[in-house]
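Here the structure is laid out as structure tokens; the discussion comes afterwards.
Number of protein chains: 2
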Amino acid sequence: MSTIYDVAHRAGVSPKTVSRVLNGDGPVGEKTREAVEAAMRELGYVRSNAARMMRAQKSGIIGLITGAISTRNQPSTQQGLPDLYIVQGIQRALESSGMTVMIADTAGRNDRVPHLIDTFLSHRVEGLIYVAEYHQEVNLPQLPDDTPLVLANCYDSRGTPSVVPDDRRLQADLVRRLIASGHRRIAYLSLRPDMAAGRLRPQGYRDALAEAGLPFDPALLVHVDFDQPEIGPQLLWDTIDRMLRLPEPPSVLCCGNDQMAMMVYGILRSMGRRVPDEIGVAGFDNYRAIAETLFPPLTTVELPYNAIGARAGERLMHLISGEGRDDHSPVLVAGPVHWRASVIELRPENVVTFRTLREESK
Amino acid sequence: MSTIYDVAHRAGVSPKTVSRVLNGDGPVGEKTREAVEAAMRELGYVRSNAARMMRAQKSGIIGLITGAISTRNQPSTQQGLPDLYIVQGIQRALESSGMTVMIADTAGRNDRVPHLIDTFLSHRVEGLIYVAEYHQEVNLPQLPDDTPLVLANCYDSRGTPSVVPDDRRLQADLVRRLIASGHRRIAYLSLRPDMAAGRLRPQGYRDALAEAGLPFDPALLVHVDFDQPEIGPQLLWDTIDRMLRLPEPPSVLCCGNDQMAMMVYGILRSMGRRVPDEIGVAGFDNYRAIAETLFPPLTTVELPYNAIGARAGERLMHLISGEGRDDHSPVLVAGPVHWRASVIELRPENVVTFRTLREESK
DNA sequence: CGATGTCATGACACCGATGTCATGACATCG
DNA sequence: CGATGTCATGACATCGGTGTCATGACATCG
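If you read the sequences in order, they're chains A and B.
To convert, note that position 2 of the first sequence is 2 in the numbering used here; the numbers rise steadily by one, no gaps.
To convert, note that position 30 of the second sequence is 1030 in the numbering used here; the numbers rise steadily by one, no gaps.
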């Protein structure tokens, strides 16, 4: 691969002049510039980042650590693929900054993280983002002070800047919407409580009930470890069966995430219950490959992983440029409810009223 | 960030000695080594890749270009997330080589590819892999001769080394298995024929029929653009409806991929047809988040994207090390059929026989 | 005991780009 | 017309490692 010396030689100028053409800084004569550009073209010259970075002491690289790429093979496929969307959002946010994003994958092994961090440091990254697969607490090794770090979809006890989903509020928004549609007996099938989502979402569910003055019925809130290898579906079946036999059965099953909702569809079907006429189903995540393809399409709330990534990217850029509000509190991100055919409006008259009102107000 | 000079100064030795400790090449006295290691630890020294790479003229970086990360937001979610698994396989294959994999994302815009290639070249990558989202022909800009390139999940007309799925054989394997289970009227709902998968898979379907001496009925092979925004589901419904009204309706619906199969589940359900008793459904991809979670679980054939990635990684390493068979033919990758509850065995007696035979042979 | 070999270490150049400073050719101004 | 300023360009040092060669201290051998 050719160097500026090759280019300089061919154009009959000094390397420094080539550098000037490359960077457009110092003044360069018109003819000289053309000669240099021609030489670069002819040689297929591409600037070496290594050399440039050595002088500049800036790598222009942002390091991204994630399990997004290698974790999907796990037996329990759990959530959708949140971390992937987060990575996407980060890329989008950093695109305009001219930074190169370097992605390293944990390959599902958290013990590799320190090694990955070292690799990144050896590339002198200007900042690091750690993306967790699901909302959780993490504990990363300490970084050198001059390398800023942002946590996405996770947080730690050291107050490292982080961006996380507002699970509680999202779930409350969805349940509010169900209540507004006339549903009164709303069941909640929660994820395991050792996950942040399994704690915060039920809280949001209860928030919405309380707001509406509806009683909280413990029989309608169950944690189901639905993605356990063998017995998961059975656990889910039993739970639903029990709920449907209650004196006052629920009119909607709110699921911990969209994948659980997909499984619930199958179970209700083989129980002979029709969705949504006999019983509604709602999800969480707006994992579109599922929510839009299921039949009927799934009502769910969008956890905007893209936005989480974007916010994390922005936050990191702020840290790097130093223009920081040194605000250490986590950034909470929420998203919209997607109302689809898996839940019926128990008060169609209201909808008519609303529509009528809007028509009238035109 | 500290340098070997800092370390050398602190340990009271020359930079060269520090370098020797780092690389373990030249002889170093026991006490000296300890002193240097202590100094490195105290300073939190991390070697600069830029400087090292400059001398060594080797970056130790492999460039990966993919849309895996940013394409998921498309309205039509089409396939699963193949490219992601491919990236995973590549990482696994390259892990042991000590190479750092740098991933760049097209952000869904193919016009960005040349820019990404330039960025990679400026980092002096030792090789490049281009990963396509689905099996297709591509046309990348020419690379400098000294930078090897491997295409994964795609191919070009220049004979660039490539690794692609053996769609034809995979589909044939699945259909063979259906035939072996006693199915005779097998419908095939194909993807659009402008995709490689929409051409090769139907061929495999016909191969298997021909082998078994079964007639090919054009009424049972239809291309359905099922993931079209609005009308997709309707198209699929109409097609299935037409097939089920045939004088001799199919006993299994073979779908172009798992996501189409998921949609077919919903449609059959609302038609009041039970899976698998009244009609079987088979997919393609073994997209586990769907295949294993659907109820009943989906019979499908595994397109081992991981393996495609792994093979691509290996092929690139061969090209880099030069120990090449300069074999320009594409590498075809196949995978196993996963037999699940979405298709019944029409000849249970055979299964009993097999089992009995195995029991007896013990 | 002198010649030769091995070991531990350092001096120095070099990789490719770029910041600093210098230089020569002109243009402008008092 | 000489002083000063601007423009286009080049010489040289430098970034942080590492390859090459040199050097001094010992050990070994004939």
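We put the CB at the ideal spot given by N, CA and C, even for glycine.
All values derive from a computational prediction rather than experimental measurement.
For residue i, does the three-state DSSP call read helix, strand or coil?
{"i": "residue 1106 of chain B", "result": "coil"}
{"i": "residue 204 of chain A", "result": "helix"}
{"i": "residue 1023 of chain B", "result": "helix"}
{"i": "residue 147 of chain A", "result": "coil"}
{"i": "residue 139 of chain A", "result": "coil"}
{"i": "residue 1294 of chain B", "result": "coil"}
{"i": "residue 318 of chain A", "result": "helix"}
{"i": "residue 1115 of chain B", "result": "helix"}
{"i": "residue 1221 of chain B", "result": "strand"}
{"i": "residue 51 of chain A", "result": "helix"}
{"i": "residue 1162 of chain B", "result": "strand"}
{"i": "residue 1281 of chain B", "result": "strand"}
{"i": "residue 1332 of chain B", "result": "strand"}
{"i": "residue 1155 of chain B", "result": "strand"}
{"i": "residue 45 of chain A", "result": "coil"}
{"i": "residue 287 of chain A", "result": "coil"}
Is there a Cβ from chain A that is less than 8 Å from the Cβ of residue i?
{"i": "residue 1095 of chain B", "result": "yes"}
{"i": "residue 1048 of chain B", "result": "yes"}
{"i": "residue 1121 of chain B", "result": "yes"}
{"i": "residue 1259 of chain B", "result": "yes"}
{"i": "residue 1008 of chain B", "result": "no"}
{"i": "residue 1343 of chain B", "result": "no"}
{"i": "residue 1084 of chain B", "result": "yes"}
{"i": "residue 1132 of chain B", "result": "no"}
{"i": "residue 1173 of chain B", "result": "no"}
{"i": "residue 1103 of chain B", "result": "yes"}
{"i": "residue 1042 of chain B", "result": "no"}
{"i": "residue 1262 of chain B", "result": "yes"}
{"i": "residue 1289 of chain B", "result": "yes"}
{"i": "residue 1107 of chain B", "result": "yes"}
{"i": "residue 1144 of chain B", "result": "yes"}
{"i": "residue 1195 of chain B", "result": "no"}
{"i": "residue 1100 of chain B", "result": "yes"}
For residue i and residue j, which I take to be in contact (beta-carbon distance under 8 Å), what is that distance rounded to the nearest angstrom?
{"i": "residue 1139 of chain B", "j": "residue 1156 of chain B", "result": "6 Å"}
{"i": "residue 264 of chain A", "j": "residue 187 of chain A", "result": "Going by Cβ atoms, the distance from residue 264 of chain A to residue 187 of chain A rounds to 10 Å, so no, they are not a contact pair."}
{"i": "residue 1309 of chain B", "j": "residue 1104 of chain B", "result": "No, residue 1309 of chain B and residue 1104 of chain B are not in contact; Cβ-Cβ is about 16 Å, not under 8 Å."}
{"i": "residue 1330 of chain B", "j": "residue 1097 of chain B", "result": "Rounded, the Cβ-Cβ distance is 23 Å, inconsistent with contact."}
{"i": "residue 305 of chain A", "j": "residue 89 of chain A", "result": "7 Å"}
{"i": "residue 1095 of chain B", "j": "residue 107 of chain A", "result": "7 Å"}
{"i": "residue 122 of chain A", "j": "residue 1049 of chain B", "result": "5 Å"}
{"i": "residue 1213 of chain B", "j": "residue 1167 of chain B", "result": "Not confirmed; about 23 Å, so no contact."}
{"i": "residue 250 of chain A", "j": "residue 177 of chain A", "result": "No, residue 250 of chain A and residue 177 of chain A are not in contact; Cβ-Cβ is about 16 Å, not under 8 Å."}
Kindly say whether residue i, judged by its beta-carbon, lies nearer than 8 Å to any beta-carbon of chain B.
{"i": "residue 19 of chain A", "result": "no"}
{"i": "residue 51 of chain A", "result": "yes"}
{"i": "residue 294 of chain A", "result": "yes"}
{"i": "residue 310 of chain A", "result": "no"}
{"i": "residue 184 of chain A", "result": "no"}
{"i": "residue 152 of chain A", "result": "no"}
{"i": "residue 202 of chain A", "result": "no"}
{"i": "residue 63 of chain A", "result": "no"}
{"i": "residue 283 of chain A", "result": "no"}
{"i": "residue 239 of chain A", "result": "no"}
{"i": "residue 72 of chain A", "result": "Confidence at residue 72 of chain A is low in this model, with a pLDDT of 43, below 50, so its placement is unreliable and the value that follows should be read with caution. So, interface residue."}
Per DSSP, which residues does residue i bridge with? Please list them.
{"i": "residue 129 of chain A", "result": "A/64 and A/150"}
{"i": "residue 301 of chain A", "result": "A/337"}
{"i": "residue 1186 of chain B", "result": "B/1252"}
{"i": "residue 1100 of chain B", "result": "B/1061"}
Do the region 204-216 of chain A and the region 274-285 of chain A make contact, defined as three or more Cβ pairs closer than 8 Å?
no
Under 8 Å, with one C-beta from each stretch per pair, do the region 28-41 of chain A and the region 1025-1036 of chain B reach the 3-pair mark?
no
- Query: Is it a yes or a no for the region 176-185 of chain A touching the region 142-158 of chain A, going by three-plus beta-carbon pairs under 8 Å?
  - Reply: no
- Message: Counting beta carbon pairs with one atom in the region 1254-1261 of chain B and one in the region 1221-1229 of chain B, are three or more of them shorter than 8 Å?
- Response: yes
Quiz item: Taking three-plus beta-carbon pairs below 8 Å as touching, is the region 1116-1128 of chain B in contact with the region 1046-1066 of chain B?
Solution: yes
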